[in-house]
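Written below as structure tokens is the structure these notes are about.
Residue numbers (the working numbering): 21 to 177.
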């Protein structure tokens with residue numbers, strides 16, 4: 021889909037699903053996990069690790085103390101997790117507002133939302149309905165604006 025949407029044939033899967041973000045944050049901060057910073061992990065503030073824009077965006081990557089994993093991990097749940105995540109993301113949203121606005125503008129461009137529609141319609145002709153629905157839901161979650169839900173694109177689907 022990214023090849024179709026962005027005319028980019030050079031999208032590659034990160035082998036560990038975190039090596040590139042670790043490399044980026046290390047280059048920007050001069051901290052290297054388990055060398056000069058310990059008991060921290062690299063985390064995506066707004067998640068969306070299948071989103072080619074957000075996966076390597078420096079403003080979406082942070083060193084988070086491992087002790088906070090119950091509140092920040094993608095498999096964590098509960099009231100405290102929700103409250104912490106909202107505060108953490110709210111703080112990051114203020115700190116990185118300029119970058120988030122630029123990302124939100126990019127992701128809501130008509131050529132992107134219409135391209136997603138066209139791509140999913142084309143998939144419906146080739147794949148199982150449930151598989152396409154699961155893919156559609158994943159795409160809408162990953163390529164949504166930050167600070168809102170998937171309403172921008174999903175209203176058109």
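All C-beta atoms, glycine included, are put in the ideal place defined by N, C-alpha and C.
In three-state terms, what does DSSP make of residue 146?
Along the chain shown, read from residue 1 onward, the residue named residue 146 stands at position 126. Coil, per DSSP.
In whole angstroms, what separates the C-alpha of residue 86 from that of residue 114?
For the purposes of this step, residue 86 is taken as residue 66 along the chain shown, with counting starting at 1. For the purposes of this step, residue 114 is taken as residue 94 along the chain shown, with counting starting at 1. Taking the straight line from one Cα to the other gives about 24 Å.
For residue 83, list the residues DSSP reports as bridge partners.
Sequence index remark: in the chain shown, residue 83 carries index 63 (1-based). The partner list for residue 83 (beta bridge, DSSP) reads 62.
Leaving out the 5 sequence neighbours to the left and right, which residues in its chain are closer than 7 Å to residue 152 when beta-carbon positions are compared?
One-based indexing of the chain shown puts residue 152 at position 132. The beta carbon of residue 152 is closer than 7 Å to those of 140, 143 and 144 in its chain, skipping five residues each way along the sequence.
For residue 136 versus residue 165, is the C-beta spacing smaller than 8 Å?
What you label residue 136 is simply residue 116 of the chain shown in a count that begins at 1. What you label residue 165 is simply residue 145 of the chain shown in a count that begins at 1. Not closer than 8 Å, so no.
What are the boundary residues of the alpha helix (DSSP H) that includes residue 125?
For the purposes of this step, residue 125 is identified with residue 105 of the chain shown, where counting begins at 1. Unbroken alpha helix (DSSP H) run through residue 125: 117-127.
Among 91, 68 and 77, whose alpha-carbon lies nearest the alpha-carbon of residue 122?
The residue labelled residue 122 in the question sits at position 102 within the chain shown. Residue 77 is the option with its Cα nearest to residue 122.
Might you give, ordered along the chain, the residues of its own chain that have their beta carbon closer than 7 Å to the beta carbon of residue 94, omitting 5 neighbours on each side?
To locate residue 94, count along the chain shown from 1; it is residue 74. The residues are 67.
I'd like to know whether the C-beta atoms of residue 51 and residue 44 end up nearer to each other than 8 Å.
Here residue 51 refers to the residue found at position 31 when the chain shown is read from its first residue. Here residue 44 refers to the residue found at position 24 when the chain shown is read from its first residue. No, the Cβ-Cβ distance between residue 51 and residue 44 is not below 8 Å.
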